[in-house]
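Protein chains in written order, with our numbering: chain X, 18 to 321; chain H, 1453 to 1764.
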């Protein structure tokens, strides 16, 4: 027995040491890695290409050398963008809008989810389904009536909201609140009833039950919802494109596209740098909180 | 169940409150507290989602200056325009083929990730989900640059294989392919993550039993994996169908509807007419055509939710 193994090892063919099933598995594993590598390349080419281009000077880009390699790496694009007042303004607007929207979203959706998950009242089941349905209404259906509504509102009251960055604080919650409420209902509903019953018996009010029991226990869900709200408000493109036009009111995605693309002159080095800086905050959050990110992603469709 | 448990507390709270005022007692009641907690949500959804949705129905019946009621005039006008039918066709091609490929790629990749040893899965999953994390407006810029007519990195690479320069965004059919490709790139990771989560919940015993019975890989997928994943496949596809049908960012940045309006979908065409062309009623009419597909998907999703609600 042992001798056959030795002979097999010396032979050029594969050793017949394994049974056929584990050999199949070894091959399946190899193919898996091969295709995963292909798909990973497909996934990572655009972001890597952003990085490569952002390190090139305009001269190197227009010289049309090998596009996949940087021959003279330079940080000039980064320095130019990060010191430009305009870009800092975009970044500030984006950060401001996202942070305030996350706060508003949490203040609205956590109490609402608590009420819908635990305090059954007339119409609560219908309302929960309604919340979910509003999540399905896309922004592309609402932007025209909303635009007209805010224009009319401006005419009536004299409060101009079109072309002000803070109009986004009113509109973004329509994208974030339904989904966050929905996943928080799921998380709250999974908390055992005995916990809040014990709190109530000990004399806690509803508000105390929420802040002392539900929020700490459902913290992973809360983090997932926060991440979701932040990424959605950071990435939103249609609403700022419709509602803001002056360069000092723009948020990052729209700012990069409308100011860095001037007519037919595409300064690709700077555009890619801007795009990479715009993609950085969600990517950084994702890198550190991947598990929460994925939990939020899957909770939306699997929690019912 | 809940009401019964909390009854003593309610009675205790109502006792001293009676002496003070009716309002105070009402505030202490559970349903009032619950209503107040959901009030901001109801106000937000009512004013900024439900009202505009119906308002756009009203807008669609006005003329361009929004002073005269024209009934279905806008729709009659749209039906006579060739571009409208082009948009309908392209929206359907775009949404159906993109969702199909996203689902297919997501399914395949989820299997590969599931196949490899558990300790390496996290790393691969992390890499494969990157397209979903980058804001689509930003990643589409990278694709636009990869497709650039004169400096395309793809054409540079393909030229080594003797494949001539491809007009990625210049030719109508290639442009259609490009917007679908970018959408598949962006959306496939979502399917992958969902399918992976549901693959992990399929009990291993089923596969072991099938292996003992001599089932091949195709039979294992057809008779075990697909039936076990049916629910998640259905709901993910419906979700994605809605989002893809209503897509705006990718088409807007990559082709802006060109060449010759061949890649316009409802959202980008509504934006072109309603905001850029300042014909708000006509734009609203165009975007209303997204409602049928939304309604169909919503009915199916609701049925699924109710079914699962009854099971639990």
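Glycine included, C-beta positions come from ideal geometry on N, C-alpha and C.
Just verifying my parser: in three-state terms, what is the DSSP assignment at residue i?
i, result
"residue 1497 of chain H", "helix"
"residue 1521 of chain H", "strand"
"residue 278 of chain X", "strand"
"residue 138 of chain X", "coil"
"residue 1612 of chain H", "coil"
"residue 306 of chain X", "coil"
"residue 53 of chain X", "helix"
"residue 1726 of chain H", "helix"
"residue 1583 of chain H", "helix"
"residue 1716 of chain H", "coil"
"residue 1554 of chain H", "helix"
"residue 1681 of chain H", "helix"
"residue 1709 of chain H", "coil"
"residue 238 of chain X", "helix"
"residue 320 of chain X", "Legend: pLDDT at residue 320 of chain X = 38, less than 50; position of this residue unreliable, value from coordinates given subsequently. It is coil, neither helix nor strand."
"residue 1695 of chain H", "helix"
"residue 1617 of chain H", "coil"
"residue 1559 of chain H", "helix"
"residue 1541 of chain H", "helix"
"residue 172 of chain X", "helix"
"residue 1666 of chain H", "coil"
"residue 1731 of chain H", "coil"
"residue 179 of chain X", "coil"
"residue 1603 of chain H", "coil"
"residue 81 of chain X", "coil"
"residue 1481 of chain H", "coil"
"residue 1741 of chain H", "coil"
"residue 1533 of chain H", "coil"
"residue 1592 of chain H", "helix"
"residue 91 of chain X", "coil"
"residue 1454 of chain H", "Because the pLDDT of residue 1454 of chain H is 40, which lies under 50, any placement of that residue in the model is unreliable, and the question is left without a value."
"residue 273 of chain X", "helix"
"residue 1622 of chain H", "coil"
Would you mind telling me which residues of chain X sit closer than 7 Å to residue i, beta carbon to beta carbon, in chain order?
i, result
"residue 1585 of chain H", "299, 300 and 303"
"residue 1768 of chain H", "This structure does not reach residue 1768 of chain H, given that chain H is present from 1453 up to 1764, and the question cannot be answered."
"residue 1694 of chain H", "153 and 155"
"residue 1564 of chain H", "49, 52 and 53"
"residue 1582 of chain H", "60, 61 and 64"
"residue 1750 of chain H", "150 and 153"
"residue 1719 of chain H", "157"
So which residues of chain H does residue i contact, with C-beta pairs closer than 7 Å?
i, result
"residue 295 of chain X", "1587 and 1590"
"residue 198 of chain X", "1493"
Can you pull the chain X neighbours of residue i, defined as C-beta to C-beta under 8 Å?
i, result
"residue 1828 of chain H", "Coverage of chain H is limited to positions 1453 through 1764, which leaves residue 1828 of chain H absent and any answer about it impossible."
"residue 1482 of chain H", "136, 138 and 223"
"residue 1742 of chain H", "155, 157 and 158"
"residue 1400 of chain H", "This structure leaves residue 1400 of chain H out entirely; chain H is present only between 1453 and 1764."
Taking C-beta pairs closer than 9 Å, name the residues in chain H that residue i reaches, listed in chain order.
i, result
"residue 87 of chain X", "Neighbours of residue 87 of chain X on chain H: none; closest Cβ ~13 Å, over 9 Å."
List the residues of chain H that residue i touches, going by C-beta distances under 8 Å, in chain order.
i, result
"residue 45 of chain X", "1567"
"residue 178 of chain X", "The premise fails here: residue 178 of chain X is roughly 12 Å from chain H at the closest Cβ pair, so nothing lies under 8 Å."
"residue 194 of chain X", "1493, 1496 and 1497"
"residue 190 of chain X", "1496 and 1500"
"residue 228 of chain X", "Within 8 Å Cβ-Cβ: nothing; residue 228 of chain X doesn't reach chain H, min ~13 Å."
"residue 167 of chain X", "Neighbours of residue 167 of chain X on chain H: none; closest Cβ ~10 Å, over 8 Å."
For residue i, which beta-bridge partners are listed by DSSP?
i, result
"residue 283 of chain X", "X:278"
"residue 1514 of chain H", "H:1521"
Name the chain X residues that come within less than 9 Å of residue i, Cβ to Cβ?
i, result
"residue 1674 of chain H", "Per Cβ cutoff of 9 Å: no residues; residue 1674 of chain H is ~18 Å from chain X at best."
"residue 1525 of chain H", "The contacting residues do not exist; residue 1525 of chain H stays about 17 Å from chain X at best."
Closer than 7 Å to a non-hydrogen atom of the ligand COA - does that hold for the CB of residue i?
i, result
"residue 266 of chain X", "Absent from the structure shown: the ligand COA. Ligands present: none."
#### Entry: Selection of the stretch 1701-1716 of chain H by Cβ proximity to chain X, strictly under 7 Å
1701 and 1705
#### Entry: Under 7 Å (Cβ pairs) to chain X, residues found in the stretch 1487-1516 of chain H
1487, 1489, 1490, 1492, 1493, 1496, 1497, 1500, 1501, 1504, 1505, 1507, 1508 and 1511
### Task
Could you please tell me which residues of the stretch 1636-1647 of chain H, in chain order, have their CB closer than 8 Å to any CB of chain X?
1637, 1641, 1642, 1645 and 1646
#### Entry: Residues of the stretch 105-138 of chain X whose Cβ lies closer than 8 Å to any Cβ of chain H, in chain order
124, 125, 126, 128, 129, 131, 132, 133, 135, 136, 137 and 138
### Query
Got a sec: which bits of the stretch 1728-1740 of chain H sit with their beta carbon under 7 Å from any beta carbon on chain X, in order along the chain?
1732, 1735, 1736 and 1739
### Query
For the stretch 1542-1560 of chain H, which residues have a beta carbon sitting closer than 9 Å to at least one beta carbon of chain X?
1557 and 1560
### Task
Select from the stretch 64-76 of chain X all residues with a C-beta closer than 7 Å to any C-beta belonging to chain H, and list them in chain order.
64, 66, 67 and 70
### Interface positions of the stretch 249-268 of chain X facing chain H (Cβ-Cβ less than 9 Å), listed along the chain
251, 252, 253, 254, 255, 258 and 259
#### Entry: Continuous alpha helix (DSSP H) assignments of at least 4 residues falling wholly in the stretch 115-169 of chain X
141-153
### Query
Using a Cβ cut-off of 9 Å, which residues of the stretch 1654-1678 of chain H contact any Cβ in chain X, in chain order?
1663 and 1669
### Query
In chain order, which alpha helix (DSSP H) runs of at least 4 residues are fully inside the stretch 185-262 of chain X?
190-206, 210-218, 236-252 and 255-260
### Task
Could you run through the stretch 1601-1631 of chain H and flag, in chain order, every residue whose CB is less than 7 Å away from some CB of chain X?
1603, 1605 and 1608
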